[in-house]
Amino acid sequence: MARVPNVFNRGFKTSCENVARQQRRQLNLLPSDPLNPWTLAQHLGIAVHSVEDVPGLAPDCMQTLLRDDPDSWSAVTVSSGGRSVIILNSSHSRPRLASDLVHEIAHILLGHSPARVDVTEDGCLMLSMYDRNQEDEANWLAGCLLLPRDAVVFIRRRRLELTAAAQKYGTSMEMLNYRIRVTGVDYQFKKALSTFSAGN
Amino acid sequence: MPNVNIQMLGRMLIEKRGERGIREVAAEIGVSPATLSRVERAYLPDLETFSKICQWLGINPSDVLGVGVKTPQIPKVAVHFKKEAALAPATAQALAQMVLAAHRAWLVTDGEGS
């Protein structure tokens, strides 16, 4: 999320804001309402589970994924026959889980191809990574879904305290500050204020 | 060169690199020094890194992947990592088990093999 991508195709950012509005509309939400990623997943027919939910997974695998090496992975999307299941790393905080989940949903909404996967002879999972452009696109759409421009404007207009705003929208402070910065809402408010002041 | 495993890949890298610095060799292969160091310690690289390393070592990737050996059916899978370009072997094995178990439990339909 910290990396700001250099270039998107023309119109991509606007289309992401439109997707955020469209998904809210389908869930009977206002454009500036918080969007619960778990509700969105359910609406899209995507099952979401935690590692503990995976039937038959050996306890030592859970130990590795949740306690011994929890920082090396965030979420896994398994797709087959047009259906997708997202498994989240439940050792992470709720805002991080929301961010990870909406990132995976963004990949699906954008129609990104799943990574190729192989299993080595000794049973290790070997994957190709998403290409950088697809990661950037998913990050951008994920930010729009959690905190669309309409929500950032709402937060600033209502002068919501940022910690309370992050809690209301179920995001981390890092994500909130990032969205405030990249939407340019503060700059536009200042500009509007100075124009108004100059006119009086 | 049949039956090369990931541990052997790391040892082969160390052997071929010899006295040369890790930065110099990483640049030659086209990966980051941190990633090369991890693979030398038997961490599992992503496929792009893996194919670059195999090319540099002059070995066939299928010798490591065990193509031709009976492996479980692998679903189409998309994985999102935080930042790691290489995984510890235990983590890579646990992820493989989780993906296969999830696929069996939730995505295999009647008439489809497991």
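These protein sequences, in sequence, are chains A and B. The first sequence begins at 65 in this note's numbering and counts up one residue at a time. The second sequence begins at 1055 in this note's numbering and counts up one residue at a time. Glycine included, C-beta positions come from ideal geometry on N, C-alpha and C.
Exercise. What residues from the region 1072-1100 of chain B come within 8 Å of chain A, judged by C-beta to C-beta, listed N to C?
Worked result: Leu1098, Pro1099, Asp1100
Exercise. When the Cα of Ser155 of chain A is compared with those of A:Ser114, A:Ile172, A:Leu173, which residue comes out closest?
Worked result: The residue given as residue 155 of chain A occupies position 91 in the first sequence. Answer by Cα proximity: A:Ser114.
For this session: Would you mind working out which of B:Ile1068, B:Ala1150, B:Gly1075 sits nearest Cys125 of chain A, comparing C-alpha positions?
Result: The residue given as residue 125 of chain A occupies position 61 in the first sequence. With distances taken between Cα atoms, Cys125 of chain A lies closest to B:Ala1150.
For this session: Could you work out which residue in A:Gly75, A:Arg74, A:Leu99, A:Leu130 is closest to Arg85 of chain A when comparing CA atoms only?
Result: The residue labelled residue 85 of chain A in the question sits at position 21 within the first sequence. Ranking the options by Cα distance to Arg85 of chain A, first place goes to A:Leu99.
Exercise. Applying the criterion that 16 or more other CB atoms from any shown protein chain within 10 Å of the CB defines a buried residue, is Ala215 of chain A buried or exposed?
Worked result: Locating residue 215 of chain A in the first sequence gives position 151, counting from the first residue. It counts as buried.
For this session: Return no unless some Cβ of chain B is closer than 9 Å to the Cβ of Val142 of chain A.
Result: Residue numbering aside, residue 142 of chain A sits at position 78 when the first sequence is read from its first letter. Val142 of chain A counts as touching chain B.
Problem set entry | His107 of chain A: first and last residue of the uninterrupted alpha helix (DSSP H) it sits in | Sequence index remark: in the first sequence, residue 107 of chain A carries index 43 (1-based). It spans 101-107 - the alpha helix (DSSP H) in which His107 of chain A sits, taken as one unbroken run.
For this session: With DSSP collapsed to three states, give me the class of Thr1103 of chain B.
Result: Reading the second sequence from its first residue, position 49 is the one you call residue 1103 of chain B. It is helical.
Exercise. What's the gap between the Cα of Tyr242 of chain A and the Cα of Ser261 of chain A?
Worked result: Within the first sequence, numbered from 1, the residue matching residue 242 of chain A stands at position 178. Within the first sequence, numbered from 1, the residue matching residue 261 of chain A stands at position 197. Approximately 28 Å between the Cα atoms of the pair.
Problem set entry | Residues of its chain near His1104 of chain B, where Cβ-Cβ distance is below 7 Å and the 5 sequence neighbours each way are ignored | Against the second sequence, residue 1104 of chain B aligns to sequence position 50. A quick correction: the sequence has Phe, not His, at residue 1104 of chain B. Hits under 7 Å: Pro1115.
Exercise. Just checking my contact of Leu205 of chain A with Leu240 of chain A at CB under 8 Å: how many whole Å lie between their CB atoms?
Worked result: In the first sequence, the residue the question calls residue 205 of chain A occupies position 141. In the first sequence, the residue the question calls residue 240 of chain A occupies position 176. The Cβ separation is near 17 Å, so there is no contact.
Problem set entry | Given Thr247 of chain A as reference, the closest of A:Ala230, A:Glu168, A:Pro212 once Cα atoms are compared | Here residue 247 of chain A refers to the residue found at position 183 when the first sequence is read from its first residue. The shortest Cα separation from Thr247 of chain A among A:Ala230, A:Glu168, A:Pro212 belongs to A:Pro212.
For this session: Answer yes or no: does any C-beta atom of chain A fall closer than 9 Å to that of Ala1159 of chain B?
Result: Position 105 of the second sequence, counting from 1, holds the residue named residue 1159 of chain B. Yes - at least one Cβ of chain A is within 9 Å of the one on Ala1159 of chain B.
Problem set entry | For Ser143 of chain A, the first and last residue of its enclosing beta strand (DSSP E) | What you label residue 143 of chain A is simply residue 79 of the first sequence in a count that begins at 1. Where Ser143 of chain A is concerned, the enclosing beta strand (DSSP E) stretches over 139-144.
Problem set entry | Residues of its chain near Val1121 of chain B, where Cβ-Cβ distance is below 6 Å and the 5 sequence neighbours each way are ignored | What you label residue 1121 of chain B is simply residue 67 of the second sequence in a count that begins at 1. Any reading at Val1121 of chain B must be qualified, since the residue scores a pLDDT of 47, below 50, and its modelled position is unreliable; no value is offered.
Problem set entry | Met1055 of chain B at chain A interface by Cβ criterion, 9 Å | Counted from its first residue, the second sequence places residue 1055 of chain B at position 1. Confidence is the limiting factor: at Met1055 of chain B the pLDDT is only 40, short of 50, which leaves the residue's position unreliable and the question unanswerable from this model.
For this session: Pull out every residue of the region 1146-1157 of chain B whose Cβ sits closer than 9 Å to any Cβ of chain A, in chain order.
Result: Ala1146, Gln1147, Ala1148, Leu1149, Ala1150, Gln1151, Met1152, Val1153, Leu1154, Ala1155, Ala1156, His1157
Problem set entry | Meets three-Cβ-pair contact criterion under 8 Å: the region 89-98 of chain A and the region 156-171 of chain A | no
For this session: Figure out for me which residue from B:Leu1161, B:Met1152, B:Ile1060 has the closest Cα to the Cα of Gly120 of chain A.
Result: In the first sequence, counting from the first residue as 1, residue 120 of chain A sits at position 56. For the residues B:Leu1161, B:Met1152, B:Ile1060, the minimum Cα distance to Gly120 of chain A belongs to B:Met1152.
Exercise. Can you find a CB in chain B that lies within less than 9 Å of the CB of Cys125 of chain A?
Worked result: Here residue 125 of chain A refers to the residue found at position 61 when the first sequence is read from its first residue. With 9 Å as the cut-off, Cys125 of chain A counts as an interface residue toward chain B.
Exercise. Between Ile150 of chain A and Ile110 of chain A, which are expected to be in contact by the criterion C-beta below 8 Å, what is the C-beta distance as a whole number of angstroms?
Worked result: Here residue 150 of chain A refers to the residue found at position 86 of the first sequence. Here residue 110 of chain A refers to the residue found at position 46 of the first sequence. Yes, Ile150 of chain A and Ile110 of chain A are in contact; Cβ-Cβ is about 6 Å, under 8 Å.
Problem set entry | Presumed contact (8 Å Cβ cut-off) between Val142 of chain A and His1157 of chain B, rounded CB distance | Against the first sequence, residue 142 of chain A aligns to sequence position 78. Against the second sequence, residue 1157 of chain B aligns to sequence position 103. Val142 of chain A to His1157 of chain B, Cβ: 6 Å. Contact.
Problem set entry | Collapsed DSSP secondary structure at Leu205 of chain A in the structure displayed | Sequence index remark: in the first sequence, residue 205 of chain A carries index 141 (1-based). Here Leu205 of chain A sits in helix by DSSP.
Exercise. Got a sec? Which residues, its chain only, sit under 6 Å from Gln198 of chain A by beta carbon, not counting five neighbours each side?
Worked result: The count along the first sequence starts at 1 and reaches residue 198 of chain A at position 134. Answer for Gln198 of chain A: His176, listed in chain order.
Exercise. DSSP on Ile172 of chain A, reduced to helix/strand/coil?
Worked result: Counting from 1 along the first sequence, the entry for residue 172 of chain A is found at position 108. Helix, per DSSP.
For this session: Figure out for me which residue from B:Ala1148, B:Met1062, B:Arg1071, B:Asn1059 has the closest Cα to the Cα of Ala122 of chain A.
Result: Indexing the first sequence from 1 puts residue 122 of chain A at position 58. For Ala122 of chain A, the nearest C-alpha among the options comes from B:Ala1148.
Problem set entry | Whether Ala256 of chain A touches Leu209 of chain A by CB criterion (9 Å) | Mapped onto the first sequence, residue 256 of chain A falls at position 192. Mapped onto the first sequence, residue 209 of chain A falls at position 145. In this structure, Leu209 of chain A does not lie closer than 9 Å to Ala256 of chain A by Cβ.
Problem set entry | Cutoff 9 Å: Gly109 of chain A Cβ touching any chain B Cβ | Translated into positions along the first sequence, residue 109 of chain A becomes position 45. Closer than 9 Å: no.
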